[in-house]
Every structure is written in structure tokens, then in C-alpha cells.
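Note sheet for the following structure.
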Amino acid sequence: MMSGKGESSDNVETLPFQNENVGDEGIEDMITLNYLHEAAILYNVKTRFLKELPYTYTGDICIAVNPYKRLHDLYAEEQHIRYLNFPREELPPHVYATSVASYENMKTAGRNQSILVSGESGAGKTETTKILMNHLATIAGGMNDGTIKKIIEVSPLLEYFGNAKTVRNDNSSRFGKFTQLQFDRVGTLVGAKCKTYLLEKTRVISHEHPERNYHIFYQVIDSGDIAKDLFLDPAANYRYIGEKSTAMIEGQSDAQHFNITADRLSLIGFDHNAQMDLYKTLAGILHLGNIAIISNPANDEESMITPGDTAASHAIALMGLTPESLQKALCSRTMRARNDVYSVPLKKELAMDCVDALSKAIYSRVFDWLVNLINASLADDKRMDHHIGVLDIFGFEHFKHNSFEQFCINYANEKLQQKFTSDVFKTVQIEYDEEGIQWEHIEYADNQDVLNVIEDRIGIISLLNEELKKTKGSEKGFVSTISTINKELYKPSVIEFPRTSQTEFIIKHYAAPVKYEAIGFLEKHKDNLLPDLGDLMRSSNVQYIQKLFEEKVVEVKEEAGNKRRGGMMNISTVGTQFKDSLTELMTSIQSTSVQYVRCIKPNSIKSSNTMEHAMVVSQLRCAGVIEAIRISRAAYPNRQTHEEFLSKFRLFVPPGPGTPKEKCEQLMDKLKLVAPMQYQMGWTKIYFQLGVLEELEDRRKKFLDKKARIVQNIMRGFTQRLKYLRKLRAIVKLQSVIRCVLAMRRYNTFLKGLVRLQARVRGIKGRKVALAVKHNSKAVIIQRYLAGFAKRRTYLRKKRIIIRVQSIVRMHLQRPKYLAALKEKKLEADMKYQLQALQNRLADEQKRSAQLEQEKQAKDEAIMADAGDMIGSLKDANEAYKKENESMKVQISTLKSELEKLKTQTEIHSSSNFVKLKQEQDLTASLQKKVDAQAAEIQKLKDQIAKGGGVPGVVPATGPAEGKRRMLFRTLGTKKVITGDKPADGVQLDSLTEEKDAFPSSTATTVGTSVGTLLSKAAQFKRPTFWRSDSTTVHTEQPAKPEGERTSDPNGKPSDYYEFKTGSVTSDSLTKTDLDSTESAPRTSVIGTTMATGRGLGSAMQRGLKGFIGGAKKDEKNGENKDSRSSLTGLTNAVAAAANAATAAVAAKKETPRPVIIPQESFNLDSLPEAPLPNGWEAKVSRNNGKVYYVNKALKLTQWDRPSIETLKLMKQAKKQAETTAQ
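With full-length UniProt numbering, you'll find the sequence shown wraps up at 1223, consecutive numbering, no jumps.
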């Protein structure tokens, strides 16, 4: 026997009255019970539970008892349409009626709806929510719609990530969720959105023995081949999941559930590669839990990961971390002072706490990411016109040990209970008082005082925030503050503080008093992730994990009156966030019409035929079912405004003037309703007792049915007449068509016969004509073929001749172009080789620079890797380096000044060297002109001698002969004229040295000296050298010999061949470029050719002149008086021999084939004198290797080689050639 409080009692003064005629299946709506008490309600609920009827009405509230079995007939497909098309009173109680009521109210009233599903853990809230959503999806578009099907199939994802097996329930929701189903204007389901509340993070790292962790962990372990890739072994033991249970959830194994999870993730656009990142993260959490952390053997105050730990290596590989970063983040903490940042080692216990905190943070962010992903895939805010919200939130919890999680859950239930009380009790009572309705007042429990204790300005949540701001905040101080503040504000009926403990307090909730243990409140309320752990996750090379831990700017609201000294802002905490979310949820629910579903757990052993009376009565009392029944019985459950009632029953309203209230009274009198037994008239509304409004609806339906039959009779007659007229018109039309078809058939038959006859006659005539034409056509064909053959043969012959003429003409036209192009290509070949050499050098330099940069980067990385160990030594050497830095600054300033001086001197030397080089080049050019003039004069002399004449200008030693000789040497030398008042004693000649020499005494010496001076000046010009790795090419010369005296070396080279040897460079050595010399046959330049020609000519002239002058002197000494013509003949012969030798040398040089040019590595620009930089170029020093490089900002060029005019010309030619090739 049960008392009124649901407790067993053997001694009771009176027994409650028993309701009769309850029937075998009980009463469907408990408002109709004759005797209302807890025993009658319990008996009725139990009767229906044993008959497998889980649903019972209490007015508009639906009571759902968990049947602990599948009732397939109750949720068959035909039931969806049945509850949509038939009134609620004609069908048995079902949760479908609640969803239909919300859907119909949304469509008719145009107002958003909410369905609140509440109950304790194991009462079936999650299943009821799925049933409601499935029914709404079916009646709002059907499962054939792709969007609706997607919404229903994706919903289990949150269960796999947020549900777990507990002692009370195999699929217990460890979070609250508010699912918003979105509908368009016509009532079609177009989208869905979900918001979650207070995920139980502590379950990730610990749970009781019979219970399990979240389902997804067991699914990943049993994922088959994927588990191997994640380093997971189903037979292994993982600290976070404990002993692996093989129990099946909802009749399926974890492997089967994993396949469903993969399909649902693919359905929302999460492909296999992205899913692998998710699975790696989940597996990484399991491996984190198995990391073994030990104390440092050298220091117990420090901790470290066990060397070679397999779990740590697996976690590092899956999460994209490094061993050093994981070790540093878990075993140390970064502390920040005002001007310093340092690392503090953690003990083993604190390091293990860091591992657990990191695991909770990762899973929490994965869960939030999944919710956002589902919302992004399913939501359609643009098309949404109204919505129906379905709230599935945790029920009231009361355990032996209650912590912060139970505090937040019971706080949420207090808010929902206040809403239920407001809807069922307070709102009705206030409305009746305002409308002046007489009714029986009922006492109810108002929980506003409990909510004030929790969420007031000085409530528990605010005090938790204040305690966190304190430097040495603790749970004892927190409980003491609550006790001090609430000692006078609230009576012990709301909150109590046991004297046996300083960290416990009792809150008397609407369901039962709950004792909370404050130990752990501050840590769970704060729930902050250490910055080191957040930085660790952001340093991962897995993009998915980086997105999970992206830093978000969160604006924290500051409560009035909660400012500490210094203006410190409030920190964001779990309790504050949950309070704000709950306030937002209640605001959203307040703006909707609410339907209630109360879930009841029948027993704790999950049996389908057992009901524990005390448990059920406690749940009914907490749900407020009894009070709801009493107020529904005592009050008027049906109400309407005067205008709504008149508009609905306007057919019965008597005509005439009056206010809406007066017309309602007239209508009540006409309908013969008695007040207050059947109705009461309020100021703005009219209230009806149970069943009165239904009776009026029946009378209205009968009246409308009668009128509808009359209208139907008229409409049926009208439609039948329309059908008759349509049939008559159709018959006439059909007859006309048939007659037309018959006539057309006869006409077509006659026409076909006539056409066939005409064809026969025309065929006979045509065949006669064709026979005559056939005889004539054969001869014409033969003639045509013969004439064509002759014409084609003539045409082909002319065509071949024309083609041959065209080819010859084109050949003559294209040959000059080809030769010019061939010459240009030869010139381009030299440029290409030089350009290729420069490019190869540039590539080598860039490669060498890249290697140096890589070596430097490797050194920097090595230094950074050892930075942790070097911190101590760096601090010790810091002061020494500061002093050394000051001294180095002074040295640097001195060196900078010296560097500026050196730069200035370098520029001056470069300018002077460039001027000298220019002068040498000009001198060489002038010498070249002189040599060319000598060659021309020699050629003239050779021509004159060949004709047999004398040498013009040669005269005897006295008189005319002297003038002729002077004329000859003026031709051979310079163009200067001898100056003086009178001629000298001897013959004076214009020499190459611009001196006046007497012919008889010093002519031979002077001529030899002049020629030697000319050749030495030509040889003094130093050409640019080229780089070689081991030596420098030196040009050695040998004196030219007459053609008859020339010999050949063993290699077949002439004796006056210019050999290029390698050796050390001296100051007076003559150098030649590598491009002008090759290993097989050295190439001579223009200057080399000129020098060789000049030497041969000079040698021949010296020998001829010396012989001529020597003979003259000998004759004078011997006293012989020979004719001047003999001397002239000797001189002429000498000059002719010299001219022949020079001509032979030039001809031999021209016939020498040009050697093949082999490009060398690069130019040795250092051998050139440093000339000033061209305009726009500037020199800079590299900070990496200290070398000088050159920059042109206008051309956007940077190079290591010093720029010069020649290199710029080469670059321009290469650029033009590239542009020409591109065109």
C-alpha cells in the first residue's frame, strides 16, 4: 500500500477511494478520474504499462512510460497519417498526437512551437525525441524528400559522440540538446539546427566500472583495418575506457555502429580522408591516456615521459606533434612575469593532470566541431518561416556524491520546472483572477527562491566567479561566502550547510534536497586549458587539429556590481556560459507555444513487466502531474476570446447590434448553456468546462453538414448538366470527324489510281527517248576521254617546267638571305657561348649560396633544438656578452669609418685605372692605323718594283739624290716635315721616333729602333684575362724570320707561330683571352694579327736597311766612289724583300682556318682595372657571407659580378635575340 507521498505505510487512518469502471486498459486521460490521488494515478499508469500501452494523457501533457521493448505496431507507417487525419479524442494516447498538435498550431496560428521532453536518466527521453522528429518529418514532407531523409539519418551522429552506457541506461545522453526543425510557409520541413548544453567532459577520462565511455571510442577500436592504421588493438587495455564491454547497444555491435557513423559522416559531406583525421584524433586521445609519466631520477620535482613509450610515439604520430613539444607541454608550465618568461617543471601528478585536461579539451572541441558541421549541413535559415523546437535535456539527478555536473543539471531542471509551473498553474490562476472567473485556488510549490540562490546577482554562480578571481581562492572560502550571504537572505527551507563539513551545502530542489560536495567546483567551473597545451595543439602539422584549437575572441559580459579593485574583468567560466545558454533557451521557449512530454522510468532493472511504485510516484510528483490534473479538473480547460468564439460560431449568432461580450451572452442563451456549470463569461474571454466546447463543435458540424448537403445537391445537378452538354458537343464533333475521314479515304484511293496511270504512260515515252540518247552518248564519251588525256599531258609538262623555273628563281632570291643568316648565326654562336658561360657561373654561385643558406639554417635549427639546455648557460654569459657588445659597437663604428675611406679610395683607383685603360686602348688604335699605313706603302713599293721602275723619291747623297732618299723615308715613316734653316751635313730622315737622324751615320740604328718601339708599344696593351683554376695563359713571342729561314716544330707549326703557355703572370707578360685560344689551335685576335704582321715587316725592313746602309758605309771607308744607283738598287731590293715577307705573312694568316671556340667557365673580371659603376648600379655587402654584390633598382637586377659596359652590351644583345626568337 502506498501513502500520498509514495511511501509504504501499514497504518493509515483512511484508505483512498477506488475508481470504478477503469477497464482492463485503464483511463486514457487521467483528468476524467472520479477520485484523484496518487494511488489512483499510479494504478492507472501501471495498468496501461502492463498492457504495453506506454502513453497516457493528463490534459495536454503526455505521460510516456519506458516499455523497455520494441513496440513495432505502435509506430507503424500507417499510424503517422492516422493521427494527422483524425481528432485526438478518437485515437488512443500517443506521442504522435503531441507532435501533430504542435504542427497544426504552427500552421493555423502562425506561431513557433516547442516540445519539452523531460525525465530522469533511463526514462526514454532520447528515444521519444527521435520518435517525435521522425513523425514530424513524415507528416511535413515524407521520407522520400532528400533533405528530410538527411535530417533524420544524421541525428544518430550526436548520440555516438555524446551518449554512453550508464548504470541506469545503455544509451544515456550525457548532454542536453535543443533541436530546431525548420519549416517553410507551406509547412514542409526544409532544415534543422541543433544546440547542445553541458557535455560531460569528465567521462572522457574516468567512469564507474559497470559504465562505459562514449560510444565512438569503442566503435573506433572495433573498426577493423582502420584500427590497425590507428595503432589500436581491441585486445589491449586503455586507461580511458577501462575493461572493454562486449554488450550490444540498441541490438547492434560497435563495429556495425562504426559503419553507420562513417555513412552518416559521408552524408553531410565529410569524405574518407577527412574522416581519417577525425579517427586519428580520437585514437590519439586513447593513446594519450596510456602515456606513462615518471619522476625524473635526478630530481623528484620534475617529471618526464618514459623513454621509448609506445603510447607517446603513437599519439605523436597520429596528432602530428614532436616528442620535444609533447614533453615540454605535459611536464612543464610556462610562467610569465612582467618582463620575463620562464618554464617551471611539473611533478608527476600535475603532469598526469595535464594529460587528462588535454584529452578532455580535445574531445570537447571535437564534439563542438561536429555540432557545427551538422548545423552547417542541415540548416536552411533563408527558407525557414516557422520552427518547432524539441528539447531533450537531462533529468533531475540525485546521487550519493553530487558534484558540479549535478549542480548544473538540477539548475536546468529548476528552470524548466518554473516554466512548467508558470504554464500550468501560475498563468492560469492569474488569468482567471484578471478575467473575474470564479474557481477553486490550488496551492503549488514555487521554486523562484531556489533559482535566486543559484543565479542571482549574489548567487552561487556569481560567487564562484568571484572566488576564481581571488589569488588564493578555495572551495572552503566559497562555501563560507555562500553561508555568510544566504544566512539572512533565505530561510533554511532553501539552502542548508551541514555542520560536519566545511565544503558541503544542501539545496532543497523542487524534487528533493540534494547535498553537493564543493570539492572540485572551482576547477570544473574554470575548466581552462593551459596555454602550453593549446600551443601544443596549434603546432600540430594536422590541419584538422589546428582548426579545432584556433584562438577565438570571446566577449565576456561584465556583471554590474561584480568589479574588483583595479577594474578586473570577469573571466569566462563554464557556469556563466551555461547560465547564459540556459537563459537564451528559456527566452526562446517563452516565445513559443509549449507542449509537454513527461518520460517515466518504471524500474531500475530495465524490465518490461515490473514497476517500482516508489520510483514512479517520485517521478510523477517531480513532473507535477497530480497538480496538473487537479487544476484541469477545478478550472475551465477550454477558453477563447469573444471575437474568436463569434467568428467560429457566427452561424448561430442572432442578428442585431451589441458588443462582442453581449453577443456571446445572447449566443449562450440561444444555445441554452448554464453558467457557471458549463461556462463562465470573462472580460475578454469565454471559458468552457470540459466537454462543452466539444458539444458546440458537434452541433456546429451538424448544422454545417445540413447546409453542405443542400449545396452539394445544387452543385451535383450543375455538374451533371455540364457533363451532358460536354458529351453532346463531343458526339457531334465525333460524327463530323468520322464523315470527314470516310470522304478523305475515297478521295485518296481515286487520287492514287490516277497517279499510277500517269506514271505508266510517262514511263513508256521516257524509255523510247532514252534508247535514242543511249546510242549517241557512247561516241561522245569516247571523244571526251581522248581530248581530256591530251590536255592533261600538256598541262603536266608545263607544270613541271614552271615549277623548275620557280625553284631556280627562289634559290637565287633566298641565297643572299641564307648567307647573311649563316653569318649572323656564327656571330650569335660566340655570344651564346659567352652567355652560357656566364649563366653557368651564375647557377654555380646560386647553388653555392643555397648550400650555405641550408647549412646556416641547419645550424640555426640545431641551436634552437638545444635552446632548452642552453638557457642556463646563456643567462650566465649574458652580462659578459653585454660588455663585449659595447666594445664591439665601438670597434664597428671605427671599422665603418675605415670602410668609408676604403670605399672612397677604391672608387678613385677604379676611375684612374679605367682612364689608363682607355688611354692604352686609344694608343693601340693609333698604332694599328700606323701599321696599316705602312702595309699600304709597302704594297705600293712592291707594285713599283714589280714594274721595273726605280723607287720614287730616291736621290744621290748630294743634291737631288738626297731629296729623293728623304722622300722615300718620309713615305715609310711619319708625315712630319724636316724643319731647319739649312740641311744637315748628312741625309736627315723622319723616323718613327720623331727624331732627326743623319742617314750616313745612324740610319740603320734609328730605323731598327723605330720599328722595335712600334712593336713594343703594340705589345704593351694588356687585354682582359680569363679565370683559370691553376694558371694564367701567357703569350710568348719569337722574332719573325724570313720566309726562307722559317722552320717548323715537331707538331708542324711554323717558328713564328704564337704559342699560348700557362704559367704565373708577371707584370710585363702579354695575356690573351681564353675565348681567343683553344687547346688544339689557338685563335689570334686583330691585335695579334697586327703584331705578327708588324714584326715580320719590321724584321724585313731592318735587314734590308741595315744591308743597304752598311754597304754605303763600307764603300765610303774603302774610298770607293760607286754610283748612287747601285746603292739605290740594294735598298730597293731590301724593301722588296721586306714587302714580299709581309705579304706572305698576311696571306698565311688569312689562310689559317679559324679554330672552333670552346667556351670557358667565366670571365676573370678582377684582372680588369676597376672602372666606375655604370649609371643606376650600386654596390652592397651581403650580411650572410660578407661578399660584395651589385644592385640596379631601375632594372630590378641583382648579381654577384661587377657590371661593366661590355657585359651590359652582351645582356642587351641577348635580350634582343630572345625577343627576335620569341617573335
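Backbone N, C-alpha and C define an ideal beta-carbon position, used for all residues, glycine too.
Bridge partner(s) assigned by DSSP for residue i
i       : result
Trp1177 : Asn1192
Asn402  : Tyr516
Tyr596  : Leu116
Val95   : BP columns for Val95 are empty, so no partner.
Arg333  : Val344
Straight-line gap, residue i to residue j (C-alpha atoms, nearest Å)
i       : j       : result
Ala511  : Asp233  : 45 Å
His135  : Ser102  : 12 Å
Met352  : Pro323  : 16 Å
Val494  : Ile41   : 29 Å
Thr1220 : Leu838  : 21 Å
Val390  : Thr129  : 7 Å
Ser480  : Arg174  : 31 Å
Asp943  : Val915  : 43 Å
Gly122  : Met537  : 37 Å
Ile1158 : Asp277  : Because the pLDDT at Ile1158 is just 43, under 50, the model does not fix this residue reliably, and the value given afterwards should be weighed accordingly. Near 59 Å, if we compare the C-alpha coordinates of Asp277 and Ile1158.
Pro531  : Arg111  : 46 Å
Asp222  : Leu265  : 17 Å
Lys825  : Lys1193 : 33 Å
Glu90   : Asp271  : 48 Å
Arg762  : Ala743  : 29 Å
Tyr679  : Glu431  : 15 Å
Ile802  : Arg815  : 20 Å
Ile31   : Gly59   : 6 Å
Arg565  : Glu886  : Low confidence applies to Arg565: its pLDDT is 40, below 50, so where it sits in the model is not reliable, and the reading given next is rough at best. Going by the C-alpha atoms only, they are around 44 Å apart.
Buried or exposed by the 16-neighbour rule on C-beta atoms within 10 Å, applied to residue i
i       : result
Glu414  : buried
Val625  : buried
Ile461  : buried
Asn1185 : exposed
Cys740  : exposed
Gly23   : exposed
Trp1177 : buried
Phe521  : buried
Lys799  : exposed
Val773  : exposed
Ile629  : buried
Ile731  : exposed
Ile293  : buried
Gln417  : buried
Pro657  : exposed
Rounded Cβ spacing between residue i and residue j (contact assumed at less than 8 Å)
i            : j      : result
Val692       : Leu673 : 7 Å
Ala64        : Ile600 : 7 Å
Met384       : Gly191 : 6 Å
Lys685       : Arg650 : The Cβ separation is near 17 Å, so there is no contact.
Lys648       : Glu455 : At roughly 43 Å, the Cβ-Cβ gap does not stay under 8 Å, so Lys648 and Glu455 are not in contact.
residue 1274 : Leu548 : For residue 1274 there is no data in the structure shown, the boundaries of the chain being 1 and 1223.
Coil, strand or helix - residue i by DSSP
i       : result
Ala412  : helix
Gln689  : coil
Glu301  : strand
His37   : coil
Ile393  : coil
Glu504  : strand
Thr179  : strand
Ser1048 : Its pLDDT being 41, under 50, Ser1048 is placed unreliably by the model, and the measurement read from it follows with that caveat. Residue state, collapsed to three classes: strand.
Tyr510  : coil
Tyr68   : coil
Asp1201 : coil
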